[in-house]
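Residue numbers (our numbering): 37 to 544. Backbone N, C-alpha and C define an ideal beta-carbon position, used for all residues, glycine too. These notes concern the structure reproduced below.
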């Protein structure tokens with residue numbers, strides 16, 4: 037030690053105060069830096085601007101309540117109810133809710149003190165003779181030496197012990213709470229994803245049910261057209277025998293008849309495929325007989341009121357899920373930043389030990405401690421974790437923006453199709469009326485012999501094409517309504533309960 041400094045006076049009180057002030061300022065700076073993490077969930081308005089209204093809106097719309105059960109079919113409603121109980125994808129979605137809630141419960145554990153207890157007893161005996169070199173028993177001459185019985189020797193003793201330990205980390209900077217909040221938000225997002233799946237499932241059921249009914253109505257139409265074409269075919273054969281028709285007329289009518297029969301075969305196959313799809317969606321084998329009897333497309337109910345685009349933020353479960361995932365990413369970013377700050381661990385232990393159980397509680401040993409830990413150098417691990425958390429949050433923000441854009445586009449597209457499809461159906465209905473009048477006129481003129489058969493055949497085919505096109509348009513109009521209702525979403529999914537036999541709550 038330097039002699040000149042050996043008798044140096046101790047640091048003054050002012051120096052010590054300045055040292056503690058510096059430490060306090062450093063701590064404040066660390067806290068301030070931890071609070072500067074960006075809340076990406078607050079930037080949603082910056083990445084996507086939600087329009088005030090849709091460009092295509094109905095003049096008068098019905099209130100949007102529980103999904104599109106406005107097709108007026110109890111059969112379809114029964115299928116939807118069955119799917120909510122039996123659809124395997126939906127049941128799996130609810131099991132994922134249970135998993136997510138269990139993870140949240142695990143993340144909540146560090147917010148509570150941890151307790152542990154231990155108890156035990158030990159019994160020991162000492163072989164005094166062997167300890168001091170005494171001979172072991174050798175037995176009588178001519179007899180084998182007996183086995184030494186160490187356990188029968190005396191001077192044994194017992195000891196009993198019991199202990200309890202408790203530890204608790206003070207969550208000074210909210211690190212543990214942020215992790216718990218993130219897991220809880222993930223669980224809510226998983227629930228919202230299950231609700232989005234329920235809407236998708238409902239729309240799939242509606243689409244397949246409409247496809248089945250459409251094919252049945254198409255089968256009836258084709259059978260009617262086949263019957264009409266067969267009559268004209270027989271009439272053409274008769275006129276050929278009378279010399280008033282040609283072989284070409286017969287061949288063309290035969291070709292038209294066989295074309296209709298081929299379409300009928302395909303329609304029957306499509307109807308069976310739609311039934312199989314419905315069976316699987318309600319958790320049944322494809323060949324299951326569900327007793328579905330509907331054979332006519334339902335009338336279209338008045339269009340629902342789409343509201344304003346901002347309503348989608350509450351009505352679309354996929355949007356809510358994306359927002360919740362974004363909020364969870366924010367919480368994980370805060371937890372990553374808090375890793376820079378010191379942690380304070382408290383611990384307490386109690387121990388008891390005695391040679392008699394009755395004396396166990398006579399001597400109590402306890403210890404209490406507090407430990408402060410501050411990361412100094414970890415090879416850049418903490419900064420890398422912060423960078424990763426920021427990247428995840430940025431991705432979650434962009435995913436939310438893309439989900440919102442998709443929802444806006446789907447709704448706007450469905451509204452446009454809804455309006456234009458209605459105009460198309462009305463035009464086809466007028467075309468059908470004209471085609472029916474044209475066929476009546478062609479038949480009359482053909483009977484009078486002032487019109488050749490080719491013109492009659494063209495008129496028949498034009499009518500049949502218009503009939504099928506109108507049926508296709510009505511089917512597409514109903515499908516467009518399904519797409520609109522799916523795009524609009526709904527709040528009814530929040531009352532959706534877990535299917536019977538599926539638990540979505542974790543143990544406490």
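What is the rounded straight-line gap between the Cα of residue 64 and the Cα of residue 376?
For residue 64, the predicted structure reports a pLDDT of 47, less than 50, and the residue's modelled location is therefore unreliable. A value from the coordinates is still provided. The straight-line gap separating the alpha-carbon atoms of residue 64 and residue 376 is approximately 13 Å.
Give me whichever residues DSSP pairs with residue 204 in a beta bridge.
For residue 204, DSSP records a beta bridge to 382.
Among the candidates 512, 508, 518, whose CA atom is the shortest distance from the CA of residue 258?
Of the candidates 512, 508, 518, the one whose C-alpha sits nearest the C-alpha of residue 258 is 508.
Pair every Cβ in the stretch 116-124 with every Cβ in the stretch 349-364, then say whether three or more of these pairs are closer than 8 Å.
No, they do not touch.
Whose C-beta lies closer than 6 Å to the C-beta of residue 346 among residues of the same chain, with five residues either side of it excluded?
So the list reads 86, once near-sequence residues are dropped.
Just to confirm my understanding: we take residue 241, look at its own chain, exclude 5 residues before and 5 after, and list those with CB closer than 8 Å. What are they?
Result list for residue 241: 112, 115, 116, 119, 314, 317, 318, in chain order.
Three-state secondary structure (DSSP) at residue 268?
Under the three-state reduction of DSSP output, residue 268 falls in the helix class.
Following the continuous beta strand (DSSP E) through residue 402, name the residue where it begins and the one where it ends.
Here the beta strand (DSSP E) through residue 402 covers 400-409.
How would you write the range of the alpha helix (DSSP H) that residue 482 sits in, first residue to last?
Where residue 482 is concerned, the enclosing alpha helix (DSSP H) starts and stops at 417-483.
Exposed or buried, residue 1, counting other C-beta atoms within 10 Å across all chains shown (16 or more means buried)?
Here the chain has residues from 37 to 544 only, and residue 1 is not among them.
Contact check, residue 210 vs residue 337, beta carbons under 8 Å:
No. Outside cutoff.
Simplified DSSP state of residue 72, which is helix, strand or coil
At residue 72, the pLDDT of 49 sits below 50, so the modelled position is not reliable; the number obtained from the coordinates is stated separately. If DSSP states are grouped into helix, strand and coil, residue 72 belongs with coil.
Where does residue 328 sit, in a helix, a strand or coil, going by DSSP?
Under the three-state reduction of DSSP output, residue 328 falls in the coil class, being neither helix nor strand.
Specify whether the stretch 125-142 and the stretch 224-234 touch according to this definition: at least 3 beta carbon pairs, one from each stretch, less than 8 Å apart.
The count of Cβ pairs closer than 8 Å, one atom from the stretch 125-142 and one from the stretch 224-234, reaches three, so the stretches are in contact.
Check this for me: beta carbons of residue 149 and residue 203, under 8 Å apart or not?
At the C-beta level, residue 149 and residue 203 come within 8 Å of one another.
From the DSSP output, in three-state form, read off residue 158 for me.
Residue state, collapsed to three classes: strand.
Is the separation between the beta-carbon of residue 361 and that of residue 225 shorter than 8 Å?
Result yes, Cβ atoms of residue 361 and residue 225 sit closer than 8 Å.
Touching by the beta-carbon criterion (3+ pairs, under 8 Å), the stretch 532-539 and the stretch 481-499
Contact between the stretch 532-539 and the stretch 481-499 is not established, with fewer than three Cβ pairs separated by less than 8 Å.
If I follow the unbroken alpha helix (DSSP H) through residue 109, where does it start and stop?
First-last for residue 109: undefined, no H or E at that position.
Quick one: Cα of residue 416 to Cα of residue 443, how far?
About 41 Å.
Report yes if the C-beta distance between residue 385 and residue 195 is below 8 Å; otherwise report no.
Cβ distance not < 8 Å, so residue 385 and residue 195 don't count as in contact.
Let me confirm a value: residue 49 is counted as buried when at least 16 other C-beta atoms fall within 10 Å, else exposed. Which label applies?
Low per-residue confidence applies at residue 49: pLDDT is 48, beneath 50, and the placement is therefore not dependable, though the value from the model is reported in the following sentence. Counting of Cβ neighbours within 10 angstroms places residue 49 among the exposed residues, the total staying below 16.
Apart from the five residues just before and just after residue 455, which ones in its own chain have a Cβ nearer than 6 Å to its Cβ?
Closer than 6 Å at Cβ, skipping near neighbours: 92.
Given this structure, state the Cα-to-Cα distance separating residue 75 from residue 435, to the nearest angstrom.
For residue 75 and residue 435, the distance between alpha carbons rounds to 15 Å.
Residue nearest to residue 446 in terms of C-alpha spacing, selected from 459, 252, 525
Ranking 459, 252, 525 by Cα distance to residue 446 puts 525 first.
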